[in-house]
Amino acid sequence: GRVRLMYPMISSLDELRAANAELESCRAELRRKGIPFDETLEAGVNPYTEEIVHGVIDHSGRIDDLLSTYSQGWTLDRMPAVDRNVLRIGTWELLWGDVPDAVAISEAVELAKSLSTDDSGSFVNGLLARILDAKPHLAV
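Note that the numbering used here has the sequence shown beginning at 708, numbered continuously upward.
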């Protein structure tokens, strides 16, 4: 299901964020030369996967601020990369996505359990639950 579609995205989010500026530069160069550019990341990519990746990138500053604010005793740099990216996806789904909040949290927890440390599921659940509790008061 949706969880399986997100597996390759987890390890790639950091790389995608770093490559985004280069991609924009390439797009600008193609536009200057009048060459059409297909906005699809890669042929065959699930449209919702693209929506999540673009959404996380577009809101990355706010997402990271929220994760830093609501994590207890953890900086973003100290979190395992998989946890950090699962949390970014979960936060985006909670605040900007169109899936039910419980589904966003449940799928993030399952991804963390299957891809990261033994403690990652409960860590992801707790942090996303704190963000969900604050959601009515957050400016997004």
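We put the CB at the ideal spot given by N, CA and C, even for glycine.
Computed from a predicted model, the values in this text were never measured in an experiment.
Any heavy atom of the ligand COA closer than 8 Å to the beta-carbon of residue i?
i: Lys-820; result: Among the components of this structure there are no ligands whatsoever, and the ligand COA is therefore not found.
What is the DSSP secondary structure of residue i, reduced to helix, strand or coil?
i: Arg-785; result: coil
i: Asn-753; result: coil
i: Leu-845; result: coil
i: His-761; result: helix
i: Ser-775; result: helix
Between residue i and the rest of its own chain, which residues show a CB-CB distance below 7 Å, the 5 nearest in sequence each way excluded?
i: Ala-811; result: Gly-797, Glu-800, Leu-801 and Gly-804
By alpha-carbon positions, which one of the options ends up nearest to residue i?
i: Gln-779; options: His-844, Asp-790, Leu-834 and Val-847; result: Leu-834
i: Asp-772; options: Glu-731, Arg-795 and Asp-790; result: Arg-795
i: Ser-827; options: Trp-781, Asp-765, Leu-839 and Ile-838; result: Trp-781
Which first and last residues belong to the alpha helix (DSSP H) in which residue i is found?
i: Asp-808; result: 808-822
i: Asp-805; result: It is not in any alpha helix (DSSP H) - Asp-805 carries neither H nor E in the DSSP assignment.
i: Ala-836; result: 827-841
Can the beta-carbon of residue i be found closer than 9 Å to that of residue j?
i: Asp-790; j: Ser-823; result: yes
i: His-766; j: Val-816; result: no
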